[in-house]
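Peer 1: Could you have a look at this structure, given as structure tokens, before my questions?
2 protein chains.
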Amino acid sequence: MNTVNLKQLAKELNLSVSTVSRALRDSWEISTPTKQRVFDLAKKMNFQPNPYASSLRKHRSRTIAVVIPEVANNFFALAIKGIETVAREKGYHVLIYLTNEEAAEEVAVASNLQSGRVDGVILSLSGETQDTRHLLELQQRNIPLVFFDRVCEGITAPKVTTNDYESGFIATEHLIKAGCSRIAHLTISMGLSISHKRKNGYTDGLRRYDQPFDQDLMIHCSSDEKENYRMIRELFLSEKRPDGVFASVEKLAVLVYHVCRELGLEIPRDVKVISFSNLVTASLLNPSMTTIAQPAYEMGKEAATILFRRLEKKYIVVPDDRVMLPARLEVRDSTAAPAQKPSPAIHRSETCPQPVL
Amino acid sequence: MNTVNLKQLAKELNLSVSTVSRALRDSWEISTPTKQRVFDLAKKMNFQPNPYASSLRKHRSRTIAVVIPEVANNFFALAIKGIETVAREKGYHVLIYLTNEEAAEEVAVASNLQSGRVDGVILSLSGETQDTRHLLELQQRNIPLVFFDRVCEGITAPKVTTNDYESGFIATEHLIKAGCSRIAHLTISMGLSISHKRKNGYTDGLRRYDQPFDQDLMIHCSSDEKENYRMIRELFLSEKRPDGVFASVEKLAVLVYHVCRELGLEIPRDVKVISFSNLVTASLLNPSMTTIAQPAYEMGKEAATILFRRLEKKYIVVPDDRVMLPARLEVRDSTAAPAQKPSPAIHRSETCPQPVL
């Protein structure tokens, strides 16, 4: 019969019941040597924790959630790999929740996560999200939150991004230097931090080279692929047909390729294309696509590393850390100048530097 | 004898029965100090919840799990969309678990799911899985299971697949008719149902056209991309350099494109390429890639529809349903005959018919 209880253990060790209890729960508040003393005696005395009491003292789930807008996207697929790499090292499971770019879905997911089924959350905002109370509530329930890529400036939480503004500037500058004078910018929801920054980089890039900003060359796309195709097609059939396109996400650049093929426009002769993209086939496309490649895997790893630092130190309110990892400009044929069309096998790669404004 | 019940606890604490009950379930609706008061008294009075009553009150999680080997894969991304479409209609959440092609991960996920955090599971096996006891255990815990794509023949559960054998045959026949006489087959784990069937289609295709099967032209790839690249490169540098390649998954076909570029081999002049693939950029590649496109979205929808039929009827042991959705052969430039190279814009598309053997 097991008659050893916490009280006896505590008395034997000359510690408080609370300390023994916390030591047995492996709390960070108790030093490792003390924990060792408690564990050793508990084992020696064949202490059996009361399972009911123990379930009350709920264990951590050893699971983290990754909340993303979509999965058919190379950026998020790579970021998930980065997150999983770190989580695996820590012995944690990763659950993936998709919001499909919908605010209502994001709210439902956040509410679901409040139950404590995960220890922490890594999130990239949906394109629709404006009200962010659901995320504040997560924090109020002591569930640490880390943003990546699409961050919420209004919430105090760590944020891992790429240098979206600089990259937008450099993409625009690259097109201007390749000879473009009517550069369109294809963007997704302007409610997103990334859209905003990339667009600012674009407009400042135009300004830097004395090119006028034309609202008609800003195309606001949605998650409706057919509608996006229609809008891009219309742009190319309009009087203001662009000679350069800067796409903020790769799926829009892929649509540009399709539209150009349909309309018999040749890239890069008739229009040059650059896009934020982690497309694995970018270099194999016809023509190969110039991209701004985000360090997606590294961003995932960084977000997870920050989250685990919080989890291990049991921080609840965390500092507003910001980590910005630079994207890389990968120059390929889709922005080649007409005179010197480089061979598909050759490409120049460079880290996007801070632009001189 | 335990005579303390919820009512007595509630009275003692001057709280409602419902509040005490929710506190004991660790509901987020109850404040931490109140929970602590309830826990403390429950412990002191040695309150034991009635497990039967508790299980009766047990809510369904209204969540299903999708367990897949990888996420950076267009087939799975599309299948998830199909699953989500159905789940959303039913008011269910979808959780995505990745096994990274590892059996140990799949076992860990299954064990995690046994806790009842989901109502049902849709699964595509990892490349390593051989022992499937972890899946039988899920069923024993009354958690319905539906397989898709990579199915386990040994388990009685619904299975949604494409016509892998026929598609393998047709891919091989297509290469032979395009003039190939040394056709390599790039495959992933032979433990998988899909690998087995696609390979059988390949060998029967060769036999049908009196071409010898050559073990050296079977390349067994893994999840190690660098090693896969090395093996494919070696194949093209060997005496038995193939003039046709049938890849069982798209990432291997993408590697073939890269290897050919590195070695200065031209597709389709030097080697023709066909692959199982849902690559969104297949038609934009240089050259555009002939594919066997699985109806991934429809397969996801079908798997989810079957699962919800089980959930709604509360079936536990489910019949061994099999749904086979046909793949489509999308003929493009990567398998064009040297004489008549079709324009990139034109492609023929047809549903893979049952081959005449």
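Residue numbers (the numbering used here), protein chains in the order written: chain H, 0 to 356; chain S, 0 to 356. Note that beta-carbon positions come from the ideal geometry of N, C-alpha and C, so glycine has one too.
Measure the alpha-carbon distance for residue 74 (chain H) versus residue 276 (chain H) and round it to whole angstroms.
Peer 2: 7 Å
Peer 1: So, helix, strand or coil for residue 243 (chain S), using DSSP?
Peer 2: strand
Peer 1: Which runs of the alpha helix (DSSP H) spanning at least 4 residues fall entirely within the stretch 6–41 of chain S, listed in chain order?
Peer 2: Those alpha helix (DSSP H) runs which fall completely within the stretch 6–41 of chain S and span 4+ residues are 16–23.
Peer 1: Counting along the chain, where does the beta strand (DSSP E) carrying residue 310 (chain H) start and finish?
Peer 2: Counting along the chain, residue 310 (chain H) falls outside any beta strand (DSSP E), though it belongs to the alpha helix (DSSP H) covering 295–312.
Peer 1: How should residue 180 (chain S) be labelled, buried or exposed, when 16 other C-beta atoms within 10 angstroms of its C-beta is the threshold for buried?
Peer 2: exposed
Peer 1: Spell out whether any CB of chain H is found under 9 Å from the CB atom of residue 260 (chain S).
Peer 2: Residue contact with chain H for residue 260 (chain S): present (Cβ-Cβ distance below 9 Å to some residue of chain H).
Peer 1: Tell whether a beta-carbon distance below 9 Å holds between residue 64 (chain S) and residue 121 (chain S).
Peer 2: yes
Peer 1: So which residues of chain S does residue 92 (chain H) contact, with C-beta pairs closer than 8 Å?
Peer 2: Proximity of chain S to residue 92 (chain H) at the Cβ level (cut-off 8 Å) is accounted for by 96, 107, 108, 111, in chain order.
Peer 1: So what's residue 274 (chain S) in DSSP terms, helix, strand or just coil?
Peer 2: Note: residue 274 (chain S) maps to strand in three-state DSSP.
Peer 1: Measuring only the C-alpha atoms, how far is residue 102 (chain S) from residue 82 (chain S)?
Peer 2: C-alpha separation (whole angstroms): 23 Å.
Peer 1: Would you say residue 89 (chain S) faces chain H, with C-beta separation under 9 Å as the test?
Peer 2: Under the Cβ criterion of 9 Å, residue 89 (chain S) is not counted among the residues facing chain H.
Peer 1: According to DSSP, is residue 231 (chain S) part of a helix, a strand, or is it coil?
Peer 2: In the structure shown, residue 231 (chain S) adopts helical secondary structure according to DSSP, grouped into three states.
Peer 1: Name the residue from H:150, H:134, H:149, H:169 whose alpha carbon lies nearest to the alpha carbon of residue 329 (chain H).
Peer 2: Taking the Cα of residue 329 (chain H) as reference, the smallest distance to any Cα among H:150, H:134, H:149, H:169 is reached at H:169.
Peer 1: Between residue 14 (chain S) and residue 33 (chain S), is the Cβ-Cβ spacing less than 9 Å?
Peer 2: yes
Peer 1: Between residue 230 (chain H) and the rest of its own chain, which residues show a CB-CB distance below 6 Å, the 5 nearest in sequence each way excluded?
Peer 2: 218
Peer 1: Just to confirm the assignment, what range does the alpha helix (DSSP H) spanning residue 212 (chain S) have?
Peer 2: Annotation: residue 212 (chain S) is outside any alpha helix (DSSP H) and is labelled neither H nor E by DSSP.
Peer 1: Would residue 309 (chain H) be called buried (16 or more neighbouring beta carbons within 10 Å of its own) or exposed?
Peer 2: With 16 or more Cβ atoms within 10 Å of its Cβ, residue 309 (chain H) is classed as buried.
Peer 1: When we look at the beta-carbon of residue 361 (chain H) and count the other beta-carbons within 10 Å, is it buried (16 or more) or exposed?
Peer 2: This structure cannot speak to residue 361 (chain H), because chain H is shown only from 0 to 356.
Peer 1: Do the CB positions of residue 197 (chain H) and residue 125 (chain H) come within less than 9 Å of each other?
Peer 2: It is not a contact, given that the beta carbons lie outside the stated cut-off.
Peer 1: Can you tell me where the beta strand (DSSP E) holding residue 64 (chain H) begins and where it ends?
Peer 2: 62–67
Peer 1: Quick check: the Cα distance between residue 109 (chain S) and residue 92 (chain H), rounded to an integer number of angstroms?
Peer 2: Spanning the two alpha carbons is a distance of roughly 12 Å.
Peer 1: Who are the neighbours of residue 229 (chain S) on chain H, taking C-beta pairs under 7 Å?
Peer 2: Within chain H, no residue comes near residue 229 (chain S); the closest Cβ sits about 18 Å away, beyond 7 Å.
Peer 1: Along chain H, in chain order, which residues have C-beta atoms closer than 8 Å to that of residue 83 (chain S)?
Peer 2: The contacting residues are 97, 99.
Peer 1: Residue 290 (chain H) to residue 207 (chain H), Cα distance in whole Å?
Peer 2: 21 Å
Peer 1: Who pairs with residue 218 (chain H) in a beta bridge, going by DSSP?
Peer 2: H:185
Peer 1: If you run the structure through DSSP and keep just helix, strand and coil, what is residue 132 (chain S)?
Peer 2: helix
Peer 1: Specify, as a first and last residue, the run of the alpha helix (DSSP H) that residue 260 (chain S) falls within.
Peer 2: 249–262
Peer 1: Under the DSSP definition of a beta bridge, which residues are partnered with residue 284 (chain H)?
Peer 2: S:284
Peer 1: Taking residue 173 (chain H) as the reference, give the member of H:79, H:333, H:320, H:293 with the closest Cα.
Peer 2: H:333
Peer 1: Taking the beta strand (DSSP E) that residue 146 (chain H) falls in, what are its first and last residues?
Peer 2: 144–147
Peer 1: What residue range is occupied by the uninterrupted beta strand (DSSP E) comprising residue 176 (chain H)?
Peer 2: Careful: residue 176 (chain H) lies outside any beta strand (DSSP E), inside the alpha helix (DSSP H) at 163–176.
Peer 1: Less than 9 Å between the beta carbons of residue 167 (chain H) and residue 119 (chain H), yes or no?
Peer 2: no
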